[in-house]
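Protein chains in written order, with the UniProt record's numbering: chain A, 1 to 347; chain B, 1 to 347.
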């Protein structure tokens with residue numbers, strides 16, 4: 001190691017992923033590999049597999065004074081299910097690898113796995129394996145979910161075309177509102193309905209699995225909004241010389257999120273654009289199919305909001321009132337924020 | 001939490017797995033779930049998936065003063081490949097979830113992923129995804145491997161019948177010999193061929209994927225020897241009122257392992273029985289098929305040694321000279337050994 005060695009912290013998450021990607025062999029044709037929400041591996045017999053892993057680390061992604069352990073287990077499953085949802089897939093089974101400080105009460109682990117079981121039941125999947133390790137400082141929970149593509153096959157994050165409409169399920173900014181309330185000392189379940197609503201978005205997100213299956217056959221591109229709207233739009237438009245234009249007054253920011261932002265004296269628009277962890281779905285849909293997409297999602301009890309369109313010009317632009325501004329990168333990088341307490345997304 | 005709460009450390013790895021298992025829903029018929037080397041999930045379209053996860057934790061499973069990072073990446077893949085081998089499967093793709101201290105040199109992570117790529121290439125698999133997290137004290141690397149069953153379908157750990165012969169690939173005790181040499185201050189690559197041989201077994205194990213595919217159609221039961229021979233025999237004979245008898249003088253303990261044991265003044269038989277991490281395959285094969293199994297494995301360049309037989313009486317028995325003794329449980333439990341430095345298997 002030299003004195004000029006680059007530290008992992010300086011490389012950052014994106015730099016690290018690029019390095020890992022560069023070192024690995026190309027997957028066979030038809031495979032969707034590193035860089036999408038989940039991987040897709042075609043099977044010789046037909047069908048094929050969707051697979052995704054997400055690791056939650058104590059002190060980075062959660063704190064036990066903020067979350068109850070059953071919520072944590074549920075959330076660890078849900079964030080993976082969201083990746084399957086973003087491929088239009090059908091979840092089937094999960095594995096959990098967990099490393100646990102030896103002095104934790106076993107009842108805490110039991111509660112985590114009650115949450116895992118509860119979430120798996122909700123998404124019609126079962127636990128089939130994993131690993132357990134003791135003797136660490138922090139709890140680490142890595143969940144892998146396997147699923148199958150829907151009837152129309154897997155849908156990738158890229159494939160949007162100029163003129164496509166951008167649509168998003170549910171609401172934006174709520175999970176980050178919950179994070180900010182927790183940081184400000186609020187605790188689940190709170191004392192008012194708006195508080196409870198955004199705390200739930202942060203602590204107990206729900207993956208839009210049914211919506212993903214309904215949107216996949218209609219969309220040119222589909223992703224979840226786990227890293228924030230602006231970063232996800234950047235990923236959606238990364239290739240093909242395309243960009244996106246979104247409209248501030250169309251973003252679905254609900255009353256609870258506005259209340260939380262007002263309480264903290266912040267602009268909820270920032271939260272909707274950069275907050276992350278909303279686990280809603282974002283799709284690029286041809287204009288002629290937007291109505292059908294909205295009807296399908298409504299039948300599941302969710303609102304699908306048209307927030308903008310794909311443009312033939314690179315870059316993400318935000319229309320706010322009379323002005324149109326270019327949105328710079330924001331979002332979430334564990335590596336740089338790591339020692340700043342809980343490294344949640346921040347505007 | 002009450003004063004009498006049971007700590008994770010007291011529950012131990014087996015207690016924890018039993019608790020997790022109890023809380024989860026039963027998988028659908030035909031699925032092989034928690035408790036085998038890898039899970040098997042039948043696919044509606046035919047075929048189906050094998051999937052397994054193993055998590056390596058710095059200070060528990062490895063130390064950077066003992067292993068070079070490329071060896072570590074290779075090993076993290078190999079231990080998962082061994083689980084696919086133990087199902088007679090064909091590896092296809094892998095995912096890695098890694099959490100990394102931010103002050104580590106990025107060159108260390110680069111070397112780990114060179115090792116991952118090298119191992120995946122050896123087993124004809126590719127990396128398709130995963131997760132990266134920063135800001136922890138120890139490096140944690142959780143690898144998931146997906147594969148397909150061989151033509152004869154997946155083979156479970158249970159299914160052995162009285163009279164079956166017990167056969168094992170390669171050598172036993174070598175990985176533990178390597179661990180003990182590292183503990184005693186020896187370092188890779190050592191100064192003699194015997195030292196290098198057992199250090200390699202510990203630091204760079206190879207999974208017997210081809211042997212697994214060849215043994216699966218001939219065997220009633222198949223597993224790897226990752227947790228030590230005696231514990232694996234207990235798992236192999238857990239149901240059906242069966243047991244095993246093995247012969248001390250038939251156990252394949254090679255010259256390098258004997259040299260290491262002599263150097264440290266220990267009995268290499270203990271290492272072969274309880275040492276663990278050998279990643280060889282152990283099969284229960286009907287007597288009429290032993291010759292064919294040995295020919296097949298020999299064609300791959302490995303020796304398949306007959307070490308004993310399945311009995312119609314529960315318990316594991318060891319024949320040593322004139323006497324037959326009952327072998328009590330030994331093996332590896334991270335949770336109890338966690339603060340004793342590197343919690344490797346010990347007799």
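C-beta: ideal position from N, C-alpha, C; glycine also.
Original post:
Under 8 angstroms between the Cβ atoms of residue 84 of chain A and residue 139 of chain A?
Top reply: no
Original post:
Is it true that the CB of residue 105 of chain B sits closer than 8 angstroms to the CB of residue 5 of chain A?
Top reply: yes
Subject >> Residue from A:313, A:322 and A:43 whose Cα sits closest to the Cα of residue 161 of chain A >> reply: A:313
Subject >> Cβ contact (3+ pairs, closer than 8 angstroms) linking the segment 154-174 of chain A and the segment 108-123 of chain A >> reply: no
Subject >> Sequence-distant residues of its chain with Cβ nearer than 7 angstroms to residue 27 of chain A (five each side left out) >> reply: 33
**OP:** Check whether the Cβ of residue 72 of chain B lies closer than 8 angstroms to any Cβ atom in chain A.
**Re:** no
Original post:
Assuming residue 181 of chain B and residue 246 of chain B make a contact with CB atoms under 8 angstroms, what is their CB distance in whole Å?
Top reply: Contact flag wrong, Cβ pair sits at about 26 angstroms.
**OP:** To the nearest angstrom, report how far apart residue 126 of chain A and residue 94 of chain A are at their CA atoms.
**Re:** 6 angstroms
Subject >> Chain-ordered neighbours of residue 277 of chain B on chain A, where CB pairs are closer than 7 angstroms >> reply: Near residue 277 of chain B there are no residues of chain A at all, since even the closest Cβ is about 14 angstroms away, more than 7 angstroms.
Original post:
Under 8 angstroms, do residue 316 of chain A and residue 243 of chain A count as touching if we go by C-beta distance?
Top reply: yes
Original post:
From residue 97 of chain B to residue 271 of chain A, what distance separates their C-alpha atoms?
Top reply: 28 angstroms
Original post:
How many angstroms separate the CA atom of residue 264 of chain B from the CA atom of residue 192 of chain B?
Top reply: 16 angstroms
Original post:
Considering only C-alpha positions, which residue in the set B:328, B:235 and B:298 is nearest to residue 310 of chain B?
Top reply: B:235
Subject >> Residue(s) in a DSSP beta bridge with residue 348 of chain B >> reply: This structure gives no information on residue 348 of chain B, because the portion of chain B shown stretches from 1 to 347.
**OP:** Give a yes or no on whether the minimum CB-CB distance between residue 67 of chain A and chain B is below 8 angstroms.
**Re:** no
**OP:** May I have a chain-ordered list of the alpha helix (DSSP H) segments no shorter than 4 residues that lie completely inside the UniProt domain "PurM-like N-terminal" (35-147) of chain A?
**Re:** 69-85 and 106-122
Subject >> Residue-chain proximity (residue 49 of chain B, chain A), Cβ-Cβ < 8 angstroms >> reply: yes
**OP:** Go to residue 348 of chain A, then tell me how far its alpha helix (DSSP H) extends in each direction, as first and last residue.
**Re:** In the structure displayed, chain A extends from 1 to 347; residue 348 of chain A sits before or after that span and is not available.
**OP:** Below 8 angstroms on the Cβ atoms is my guess for residue 54 of chain B versus residue 90 of chain B; work out the distance and round it to an integer in Å.
**Re:** That belief does not hold up - the Cβ atoms of residue 54 of chain B and residue 90 of chain B are roughly 18 angstroms apart, past 8 angstroms.
Original post:
For residue 42 of chain B, which of B:216, B:149, B:327 and B:320 has the nearest alpha-carbon?
Top reply: B:149
**OP:** Please classify residue 295 of chain A: is it buried, with 16 or more other beta-carbons within 10 angstroms of its beta-carbon, or exposed?
**Re:** exposed
Original post:
Would you say residue 355 of chain A reaches chain B, if we count a Cβ-Cβ gap shorter than 8 angstroms as a contact?
Top reply: Because chain A is modelled from 1 through 347, residue 355 of chain A falls outside the range shown and cannot be assessed.
**OP:** Out of A:153, A:19, A:130 and A:204, state which residue places its alpha-carbon closest to the alpha-carbon of residue 143 of chain B.
**Re:** A:130
Original post:
Which residue or residues does DSSP assign as beta-bridge partners of residue 281 of chain B?
Top reply: B:224
**OP:** Check whether the Cβ of residue 161 of chain A lies closer than 8 angstroms to any Cβ atom in chain B.
**Re:** no
**OP:** Give the range of the alpha helix (DSSP H) segment to which residue 29 of chain A is assigned.
**Re:** First-last for residue 29 of chain A: undefined, no H or E at that position.
Original post:
Is there contact here, the segment 112-119 of chain A with the segment 43-52 of chain A, by at least three beta-carbon pairs under 8 angstroms?
Top reply: no
**OP:** Could you tell me whether any Cβ in chain B is nearer than 8 angstroms to the Cβ of residue 103 of chain A?
**Re:** yes
**OP:** Alpha carbon to alpha carbon, how far is residue 47 of chain B from residue 333 of chain A? Give it in angstroms, no decimals.
**Re:** No answer about residue 333 of chain A holds up, because its pLDDT of 47 lies below 50 and its placement is not dependable.
Original post:
Given that a residue counts as buried once 16 or more other Cβ atoms are within 10 Å of its Cβ, and exposed if not, what is residue 288 of chain B?
Top reply: exposed
Original post:
Exposed or buried, which one is residue 21 of chain A when buried takes at least 16 other CB atoms within 10 Å?
Top reply: exposed
Original post:
Taking the C-alpha atoms as reference points, what is the distance between residue 304 of chain A and residue 224 of chain A?
Top reply: 13 angstroms
**OP:** Name, going along the chain, the residues of the segment 232-252 of chain A whose beta-carbon falls closer than 9 angstroms to a beta-carbon of chain B.
**Re:** none
Original post:
the ligand NAD heavy atoms versus the CB of residue 47 of chain A: any closer than 7 angstroms?
Top reply: The ligand NAD is not part of the structure shown, which contains no ligands of any sort.
Original post:
What are the boundary residues of the alpha helix (DSSP H) that includes residue 232 of chain A?
Top reply: 229-236
Original post:
At a Cβ threshold of 8 angstroms, is residue 157 of chain B touching chain A?
Top reply: no
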